[in-house]
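All remarks here apply to the structure that follows.
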Amino acid sequence: MKPHDEKDTHPASQRPDTDDDGLIRLQKLLAQSGVASRRKCEELMLEGAVEVDGEVVTRLGTKVDPRTAVIRVEGRRLPPISASVYLVLNKPRGVVSTMSDPEGRRTLGDLVADRPERLFHVGRLDTDTSGLLILTNDGDFAQRLAHPSFEIDKTYVAEVEGQLHKGIVKQLLAGVTLDDGPVEVSRARIVEGSHGRTSRERTIVELVIHEGRNRIVRRLLAHVGHPVTQLTRTQIGPVVLGKLGVGEMRELTITELGELMDSASL
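Mind the numbering: the sequence shown is residues 459 to 724 in the working numbering, read in order.
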């Protein structure tokens, strides 16, 4: 949300200092949200770079409701302020993608047991898959973001058996039909291919797909003759796993949340 294409890394859960009526001056809200300094935010308004609910606002001192106003700065969405939390988790392998489990297996609920909110997971990862999951107490956000109609890209890095050649990559990009229907692969590339110490060949491949059918990546790669041995999700839309440690969490940034809300038409 920073001007001049800089991304805002402020946590999305920061709360503004509103007046007694719940409203706040627009330039103050922008500054508190980390868009820029107060003076720079005023300049952005005067330049016509700030929209509220689809209308350009240039009058300094205009007050808005930070909970409901749809604000854009240079075209980028500033998420509404609420009591909701939006978290990124690096799910460890072996953790079940549920908040509780009658069989006593380790779950997402165990990883967030110290959080006071009632959290939902956006989509899921197989128990034996690690990587990026989004958690939130915003049920509407979770439901819409997970809905297949919004086609949000998800990036996976898989280690597979055998040497996966460029011909297989072309086959994946051309489209593969499984028992439950066709799978569209947006991007595919070989990251690494080598011989292991046991002489068993392996290849590391990165795939981008936008759907979340059960075990879709594993079934897709097995279908083309390369069963998965390890699988990690590294990205959902604009949200990148990066250097987040296994089992660690962080808050979505304002920029990430705004882009996800746009993707889900929120």
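Virtual Cβ for every residue (Gly too), placed ideally from N, Cα, C.
Just so it is clear, the structure is predicted and the values come from calculations on it, not from any experiment.
### Task
Give, in chain order, every unbroken run of the alpha helix (DSSP H) that is at least 4 residues long and sits entirely within the region 501-535.
none
### Task
On a CA-only basis, which of R525, V531, D584 is nearest V515? Give me that one, please.
V531
### Query
Of the residues Q601, E575, L631, which one's Cα is nearest the Cα of L678?
L631
### Task
On a CA-only basis, which of Q485, T687, E505, L504 is nearest R496? Give me that one, please.
Q485
#### Entry: E717 beta carbon less than 8 Å from that of P696
yes
### Reference Q693; option with closest CA among I712, R673, T613
T613
### Message
Using only CA atoms, which one of L603, D511, A680, K628 lies nearest to E669?
### Response
L603
### Query
If you draw a straight line from the C-alpha of T520 to the C-alpha of N672, how long is it?
48 Å
### Message
Does the region 540-550 come into contact with the region 701-720, if we say contact requires no fewer than three beta-carbon pairs (one atom in each stretch) closer than 8 Å?
### Response
yes
#### Entry: Same chain, Cβ closer than 7 Å to A600, five either side skipped, listed in chain order
F578, V580, T594
### Query
Assuming V615 and T661 make a contact with CB atoms under 8 Å, what is their CB distance in whole Å?
Between T661 and V615 the Cβ distance is about 11 Å, and since that is not below 8 Å, they are no contact.
### Message
In whole angstroms, give me the CA-to-CA distance for L590 and I712.
### Response
18 Å
### Query
What are the partner residues of Q693, as DSSP defines its beta bridges?
T613, V698
### Query
Of the choices I674, A680, H684, whose alpha-carbon is the least far from that of R691?
I674
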